[in-house]
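Asks: This is the structure, below, for whatever I ask next.
Residue numbers (UniProt numbering), protein chains in the order written: chain W, 1 to 279; chain C, 1 to 287.
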């Protein structure tokens, strides 16, 4: 007996649901480990029901030395880097989006080319250069490099968002005697608020999770951000307190997950990609 | 007059240009210079020009060739095959799944992607360790267990990269599949084309541009993975998961051969640039 299209569709949906849940099961195991272990009195390396529920692990890591100083360093580095990136990107995107010039196309192509360069590759020469110009082990040097490495993609995204703001609104402001800078600050940027939010959050998340850049450019322990200080849990091959490691991982990851959720809900899942993939 | 006006108009671009030239262009140019010198960290006051010596050394160095091979394995297994196929499969299944399942699964996969690199590294280190979750699972299924990070380190880090990176391909393909008009797939369905045939003859040709850009971008991302592998294996044991970025780091810092390490970096940069140029050509029509 031929099945009706409706019942076939239901079968398909159930099959798709089952397939997805199996795949998600594989993805969820490492995440389950970190959540369960952080609450476990006797955490080890496997996913298991906690021996006893406890917040001791969080208590143990929430000290100035282990958590607050590295997180503050991360905040300074990534906050500074993001502010610089977003500021420079907004300024740069404005003429690219508003005025015709024969330099626009080559500039944008160069920027697009730079977005896909493997930045990891240049960390060794960056280190050598920073030693030479005395920027090694300084917050500002690291911030500058962070900003520069994130700028190509930020300019690209920002320009695409800015193209979406109609020019007429700005022309009205010009007739009222506003300068370009004023119309950028008062008219264009407020109208592309969600776009600016996306660039900001994206830059911040990328820097917050980055390990190699601060690992290379910062040397003194008191300047280390969380991405590098997390290594200390492995100490000198001594006993690793897995529960505390898990608790710290959660504290360190929470801000970026929250930021992502905030922006993703506003703009739909593929937000970060709209600029990169659709051109 | 016109020149003055275009200069003023270009003024806002200058802070970005200064930053990019000093902190990105500068290091790349410096990279191209010291790759041809014998710069070392200690002992030597001035580096001297050595021409192509570093490159000749590299291509005669078994450890370098090993790193090239491992980078190739890592990129093919984790990006081209793993992330790409799994991302497409997830996106295709999501089109048919019910909304709660779609949201749940999407959330889990994206969380793995948003996590800081080092945290992801630790989670998968715990997963693959001898006393970790994977072996517990295998024991439970009565399958043979092994010390994954020792026996198959490059596969372990490749799977870690699949775990971490698949969300990107999933999001790209979800967007691409969402743009295919419903009428086309429905017409094919009415004509009696089964799921696989529809995928092969209709869906894949229609999203081929997305496939191209996705492959390009994930290849570039995978070429520059450092933290994930560093946390899981440090490139070991015995260099068996040492991809080019880790090789570059070890030569430059643990062995203090900055010039040699930079030559490797330059090669990596050149390979990356070639991929970028192909990527630009794929997007050519849109700039």
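Note that CB positions come from ideal geometry on N, CA and C, so glycine has one too.
Cα separation between residue 179(W) and residue 127(C)?
Replies: For this step, residue 179(W) is matched to residue 179 along the first chain. For this step, residue 127(C) is matched to residue 127 along the second chain. Taking the straight line from one Cα to the other gives about 58 Å.
Asks: When you compare the CB positions of residue 309(C) and residue 153(W), do they come within less than 8 Å of one another, or not?
Replies: The shown model of chain C, from 1 to 287, leaves out residue 309(C), and the question about it has no answer.
Asks: Decide if residue 182(C) is buried, meaning its Cβ has at least 16 other Cβ atoms within 10 Å, or exposed.
Replies: Residue numbering aside, residue 182(C) sits at position 182 when the second chain is read from its first letter. When all chains shown are included, residue 182(C) counts as exposed.
Asks: Secondary structure at residue 103(W), three-state DSSP: helix, strand or coil?
Replies: Position 103 of the first chain, counting from 1, holds the residue named residue 103(W). In the structure shown, residue 103(W) sits in coil (DSSP, three-state: anything other than H, G, I, E or B).
Asks: Using alpha carbons as the reference points, say which of 28(W), 36(W), 27(W), 11(W) lies closest to residue 246(W).
Replies: The count along the first chain starts at 1 and reaches residue 246(W) at position 246. Closest by alpha carbon: 36(W).
Asks: Determine the chain C residues that contact residue 44(W) at a beta-carbon separation under 7 Å, and present them in chain order.
Replies: Locating residue 44(W) in the first chain gives position 44, counting from the first residue. In chain order: 131.
Asks: Counting only beta-carbon separations shorter than 8 Å, does residue 163(C) have a partner in chain W?
Replies: Reading the second chain from its first residue, position 163 is the one you call residue 163(C). Closer than 8 Å: yes.
Asks: Kindly list the residues whose CB is nearer than 7 Å to the CB of residue 51(W), restricted to its own chain and excluding five residues on each side of it in sequence; keep chain order.
Replies: The residue you call residue 51(W) lines up with position 51 of the first chain. Within the same chain, residue 51(W) has close Cβ partners 40, 41, 42.
Asks: Rounded to the nearest angstrom, what separates residue 287(C) and residue 109(W) at their Cα positions?
Replies: Taking the first residue of the second chain as position 1, residue 287(C) is located at position 287. Taking the first residue of the first chain as position 1, residue 109(W) is located at position 109. Low local confidence applies: a pLDDT of 47 at residue 287(C) is under 50, so the model's placement there is unreliable, with the coordinate-based value given in what follows. Roughly 8 Å separates the two Cα atoms.
Asks: Taking the alpha-carbon of residue 107(W) as reference, which of 77(W), 96(W), 182(W) has the nearest alpha-carbon?
Replies: Numbered from 1 along the first chain, position 107 holds the residue referred to as residue 107(W). Comparing Cα-Cα distances from residue 107(W) to each of 77(W), 96(W), 182(W), the minimum goes to 96(W).
Asks: For residue 140(W), which of 187(C), 19(C), 133(C) has the nearest alpha-carbon?
Replies: Position 140 of the first chain holds residue 140(W). Residue 140(W) has its Cα closest to that of 19(C), out of 187(C), 19(C), 133(C).
Asks: Does the segment 155–163 of chain C touch the segment 228–241 of chain C, meaning 3 or more C-beta pairs lie closer than 8 Å?
Replies: yes
Asks: What is the residue span of the alpha helix (DSSP H) that residue 121(C) lies within?
Replies: Indexing the second chain from 1 puts residue 121(C) at position 121. That run of the alpha helix (DSSP H) goes 117–128.
Asks: Compute the distance between the beta-carbons of residue 45(W) and residue 131(C), then report whether it is under 8 Å.
Replies: As a working mapping, residue 45(W) is identified with position 45 in the first chain. As a working mapping, residue 131(C) is identified with position 131 in the second chain. In contact: residue 45(W) and residue 131(C) (Cβ atoms closer than 8 Å).
Asks: So is the beta-carbon of residue 209(C) under 7 Å away from any non-hydrogen atom of the ligand NAP?
Replies: No copy of the ligand NAP occurs in the structure displayed, which carries no ligand at all.
Asks: Quick check on the burial criterion: 16 or more other C-beta atoms within 10 angstroms. Buried or exposed for residue 8(W)?
Replies: Position 8 of the first chain, counting from 1, holds the residue named residue 8(W). Classification of residue 8(W): exposed, given that the 10 Å Cβ count is below 16.
Asks: Just to confirm my understanding: we take residue 129(C), look at its own chain, exclude 5 residues before and 5 after, and list those with CB closer than 7 Å. What are they?
Replies: Translated into the one-based positions of the second chain, residue 129(C) becomes position 129. Around residue 129(C): 149.
Asks: Starting from the C-beta of residue 237(C), find all residues in its chain whose C-beta is less than 7 Å away, skip the five residues before and the five after it, and write them out in chain order.
Replies: The sequence position of residue 237(C) within the second chain is 237, counting from 1. Once the five neighbours on either side are set aside, the close Cβ partners of residue 237(C) are 150, 153.
Asks: Which runs of the beta strand (DSSP E) spanning at least 3 residues fall entirely within the segment 21–58 of chain C, listed in chain order?
Replies: Correct list: empty.
Asks: Chain W beta carbons: is any one of them nearer than 8 Å to that of residue 112(C)?
Replies: Mapped onto the second chain, residue 112(C) falls at position 112. Yes, because at least one Cβ of chain W sits closer than 8 Å to the Cβ of residue 112(C).
Asks: Measuring CA to CA, which of 251(C), 146(C), 111(C), 82(C) is closest to residue 214(C)?
Replies: As a first step, residue 214(C) is located in the second chain; it is residue number 214 there, counting from the start. The option with the nearest alpha carbon to residue 214(C) is 82(C).
Asks: Is it buried or exposed for residue 98(C), if we count other Cβ within 10 angstroms and need 16 for buried?
Replies: The sequence position of residue 98(C) within the second chain is 98, counting from 1. By the Cβ neighbour-count rule, residue 98(C) is exposed, with fewer than 16 other Cβ atoms within 10 Å of its own.
Asks: Which residues in chain C have a C-beta closer than 8 Å to the C-beta of residue 13(W)? List them in chain order.
Replies: In the first chain, residue 13(W) corresponds to position 13, counting from 1. By Cβ distance, chain C contributes 96, 97, 98.
Asks: Is the shortest distance between the beta-carbon of residue 127(C) and the beta-carbons of chain W less than 8 Å?
Replies: Numbered from its first residue, the second chain carries residue 127(C) at position 127. Taking Cβ atoms only, chain W reaches closer than 8 Å to residue 127(C), which makes this a yes.
Asks: Please decide whether residue 148(W) counts as near chain C, where near means a Cβ-Cβ distance under 8 Å.
Replies: What you label residue 148(W) is simply residue 148 of the first chain in a count that begins at 1. Taking a beta-carbon distance threshold of 8 Å, residue 148(W) counts as an interface residue toward chain C.
Asks: Using the C-alpha atoms, what's the distance from residue 52(C) back to residue 36(C)?
Replies: As a working note, residue 36(C) is residue 36 in the second chain. As a working note, residue 52(C) is residue 52 in the second chain. Whole-angstrom Cα-Cα distance: 6 Å.
Asks: Measuring only the C-alpha atoms, how far is residue 237(W) from residue 86(W)?
Replies: By 1-based counting over the first chain, the position of residue 237(W) is 237. By 1-based counting over the first chain, the position of residue 86(W) is 86. Legend: pLDDT at residue 237(W) = 45, less than 50; position of this residue unreliable, no value from coordinates given.
Asks: So, are the CB atoms of residue 218(W) and residue 137(W) less than 8 Å apart?
Replies: On the first chain, position 218 is the one that residue 218(W) refers to. On the first chain, position 137 is the one that residue 137(W) refers to. Yes.
Asks: Do you know offhand how far residue 13(C)'s Cα is from residue 94(W)'s?
Replies: Translated into the one-based positions of the second chain, residue 13(C) becomes position 13. Translated into the one-based positions of the first chain, residue 94(W) becomes position 94. About 8 Å.
Asks: Taking only the alpha-carbon atoms, compute the straight-line gap between residue 281(C) and residue 209(C) and give it to the nearest angstrom.
Replies: Translated into positions along the second chain, residue 281(C) becomes position 281. Translated into positions along the second chain, residue 209(C) becomes position 209. Residue 281(C) and residue 209(C): Cα-Cα distance of roughly 11 Å.
Asks: Taking the CB atoms as reference points, tell me whether residue 248(W) and residue 67(W) lie closer together than 8 Å.
Replies: Residue numbering aside, residue 248(W) sits at position 248 when the first chain is read from its first letter. Residue numbering aside, residue 67(W) sits at position 67 when the first chain is read from its first letter. In contact: residue 248(W) and residue 67(W) (Cβ atoms closer than 8 Å).
Asks: Shorter than 8 Å from the beta carbon of residue 155(W) to some beta carbon of chain C?
Replies: Numbered from its first residue, the first chain carries residue 155(W) at position 155. A Cβ of chain C is located within less than 8 Å of the beta carbon of residue 155(W).
Asks: Does DSSP put residue 53(W) in a helix, a strand or coil?
Replies: The residue you call residue 53(W) lines up with position 53 of the first chain. Reduced to three states, the DSSP call for residue 53(W) is strand.
Asks: Measuring CB to CB, does residue 188(W) end up less than 8 Å from residue 162(W)?
Replies: The sequence position of residue 188(W) within the first chain is 188, counting from 1. The sequence position of residue 162(W) within the first chain is 162, counting from 1. Yes, the pair counts as a contact, with Cβ atoms nearer than the cut-off.
Asks: Distance check for residue 135(C) and residue 146(C), CA to CA, integer angstroms please.
Replies: Start at 1 with the first residue of the second chain, and residue 146(C) comes out as number 146. Start at 1 with the first residue of the second chain, and residue 135(C) comes out as number 135. Their Cα atoms are separated by approximately 7 Å.
Asks: With burial defined as no fewer than 16 other Cβ atoms inside 10 Å of the residue's Cβ, what is the status of residue 56(C): buried or exposed?
Replies: Here residue 56(C) refers to the residue found at position 56 of the second chain. Exposed, by the Cβ-count rule.
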